[in-house]
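What follows is one structure encoded as structure tokens, with my remarks underneath.
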Amino acid sequence: MAKEFEAAGMPVAYLTTLDGLARSVGAPRIVRGKAITNVAGDPNLRPSDERALRKELINRALKALTTPVNEPTTFD
Amino acid sequence: MSTIRVVHYLNQFFVGLGAEAHAGTGPGKKPGAVGPGIALQQTLGEGAQVVATVYCGDNYANERPDAIDAILELVSEERPDILIAGPAFASGRYGMVCGALCVRAQDALGIVAVTGMHPDNPGSDLYRSKVHIARTRESAAGMGEAVKAMVRLALKLYDREPLGTPQEEGYIPTGRRVHFVAQQTAAQRAMDMLVKKVSGQAYATEWPAPSYSQAQPAPPLQDLAHAKLALVTTGGVVPRGNPDRLESAYASKWLKYPIGDLDNLECSDWQSIHGGFDTTNVNEDPNRMAPLDALRELEHEGAFQDLADELYTTTGNTAAIPTARRFAQEMLKELRANDVQGVILTSA
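Protein chains in written order, with the working numbering: chain V, 407 to 482; chain L, 54 to 401.
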């Protein structure tokens, strides 16, 4: 889906824990998530720290959306 | 035994009318073998005869909805036992016609139909599960071997002989699985491959890793502060109770739910029905899959202008690629209509 959006001119920040898989299938803008069962969070953190983690992930996604890429790129 | 009747299909170029300037030519027919059909007749030998060559311009055949039916009618008039189409090599329009025509000939006339293409031909992806496509080179330099492969396939199919593997027979894999008892166990075969690999010898994998086409990346957002974004997830996030019955695997649909008035996804109101991972953590806090709270916070801080008023959601678990493509295309129409300029896509 990420590739289909991108090919149509719509940039996509793809948040996934399986970033290796995303790279191998060719998704252009990848943000590595925390875990398969909680891609955008971490139940082991205190709520305030988990919110900060989530915000950090979205900030990376925003960075990905504003960065030119030529090939599958992971934004850490 | 009576002679097997063969009809050959060619495009305007190979039938000798001309190149692009003649791509608009309508369907037609010539008696006997023409152009590459001469080699086809030689390869078929005396037991089979090319009784006619049917042709059509590639543009005409692709643009006119009734073209394949018209071509098929010309084929049908000859009462053939076998249709050979092409080979189309890497020519996309030609390949699409050859594939479509062979499928119709099989289904409507009940005859053997074989074509030939390079694996990169778009007609290959579309038709290889429905018709046997001889694997060819990219250009007509590979005509001789392509004709031999098509004839071998066609005569075997006509005689109802079982086909060997795609590698042995030279056709593009159809996706069918054929069971057989191997002489050695999987462990022995794997060890043989490994030893060959580390000692630099050639080996043939039994399961080639799939290769995926590259997508041309979109240009980046120039002005994030004034951009409208949308949140899309394949994590199966739905209102609690799953009122629209989104599937937990093999999703047949995508859904959208209003989130314009929400600052986060409460676990009392939302859940994930994804069947491919343990959803306990997401069901405790659905923002862990669809991070609305963080997006809303950054929206309020002015990092970007606006978040679309709807959450776009489906289940990625065991999704087939064509289905995922369709979902994306359908979503794109709505995203564009809502002036969305960028997407945050989340999955497991």
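Beta carbons: idealized from backbone N, C-alpha and C, even for Gly. Fair warning: this is a prediction, and the values are worked out from it, not measured in the lab.
For Thr-367(L), the closest of Ser-301(L), Gly-253(L), Leu-351(L) by C-alpha to C-alpha distance is Ser-301(L). Along the length of the segment 80-150 of chain L, whole beta strand (DSSP E) runs at least 3 residues long occupy 81-84, 101-109, 135-142, reported in chain order. The C-beta of Gln-237(L) has fewer than 16 other C-beta atoms within 10 Å across all chains shown, which makes the residue exposed.
Put simply, the CB of Ile-436(V) is far from chain L, with every gap to its CB atoms at 8 Å or more. Between Val-128(L) and Val-104(L) a beta carbon distance of about 10 Å is seen, past the 8 Å cut, so the two are scored as non-contacting. Closest option to Pro-449(V), judged by alpha-carbon separation, among Arg-341(L), Gly-369(L), Glu-350(L), Leu-345(L): Arg-341(L).
Those residues of the segment 414-436 of chain V placed with their C-beta closer than 9 Å to a C-beta in chain L are Ala-414, Gly-415, Met-416, Pro-417, Val-418, Ala-419, Tyr-420, Leu-421, Thr-422, Thr-423, Leu-424, Ala-428, Ser-430, Val-431, Gly-432, Ala-433, Pro-434, Arg-435, ordered along the chain.
Within the same chain, Thr-287, Ser-400 come within 6 Å of Gly-369(L) by CB-CB distance, once the 5 residues on both sides are set aside. Listed along the chain, the chain L residues whose CB falls inside 9 Å of the CB of Phe-481(V) amount to none; the nearest CB is some 12 Å away. Around the beta carbon of Thr-218(L), a 10 Å sphere encloses fewer than 16 other beta carbons of the protein chains shown; the residue is thus reported as exposed.
Under the DSSP assignment, Leu-308(L) falls in the beta strand (DSSP E) whose first and last residues are 308-311.
With contacts defined by Cβ atoms closer than 8 Å, Val-418(V) and Ala-408(V) form a contacting pair. In this structure the segment 180-196 of chain L lies against the segment 224-231 of chain L, because at least three pairs of beta carbons, one per stretch, are closer than 8 Å. In the displayed model, Ser-55(L) falls within coil according to three-state DSSP, outside both helix and strand. Within chain L, no residue has its beta carbon less than 8 Å from that of Arg-466(V); the closest one is some 11 Å off. Uninterrupted alpha helix (DSSP H) stretches at least 4 residues long and entirely within the segment 206-241 of chain L occur at 219-222, given in chain order. Using a 10 angstroms sphere on the CB of Glu-354(L), the tally of other CB atoms stays under 16, which defines it as exposed.
From the beta-carbon of Leu-388(L), the residues of chain V found nearer than 7 Å are Met-416. Within 7 Å of the CB of Ala-356(L), the CB atoms of chain V belong to Leu-468, in sequence order along the chain. Per DSSP, Ser-325(L) lies in no alpha helix (DSSP H); the unbroken beta strand (DSSP E) holding it starts and ends at 323-325. In the displayed model, Asn-64(L) falls within a strand according to three-state DSSP. Around Ser-305(L), no beta-carbon contact reaches into chain V at under 7 Å, the shortest distance being about 15 Å. Looking at the DSSP output, Thr-480(V) bridges to Ile-436(V). Under the 10 Å beta carbon count, Asn-64(L) is surrounded by 16 or more other beta carbons and is classified as buried. With fewer than 16 other CB atoms across the displayed protein chains lying within 10 angstroms of its CB, Val-248(L) is exposed.
Straight through space, the alpha carbons of Ala-304(L) and Phe-330(L) are spaced by roughly 15 Å. Listed by position along chain V, the residues whose Cβ is nearer than 8 Å to that of Gln-382(L) are Glu-410, Ala-414. DSSP places Gly-426(V) inside the alpha helix (DSSP H), whose first and last residues are 425-431. In this structure Gln-394(L) is buried. Its beta-carbon is surrounded by 16 or more other beta-carbon atoms within 10 angstroms. For Leu-299(L), the CB contacts under 8 Å within the same chain, skipping 5 residues up- and downstream, are Gly-289, Val-291, Lys-306, Leu-308, Ile-326, Thr-366, Thr-367, Thr-368 in chain order.
Taking the Cα positions, Thr-189(L) is about 14 Å away from Glu-221(L).
Contact annotation: Val-475(V) and Pro-270(L) have beta-carbon atoms nearer than 8 Å. The continuous stretches of beta strand (DSSP E) do not include Ala-373(L), and DSSP gives it neither H nor E.
Arg-435(V) and Asp-425(V) have their C-alpha atoms roughly 10 Å apart.
When beta bridges are read from the DSSP output, Leu-282(L) appears opposite Leu-360(L), Gly-395(L). Distance from the CA atom of Asn-336(L) to the CA atom of Ile-442(V), rounded to whole angstroms, is 13 Å.
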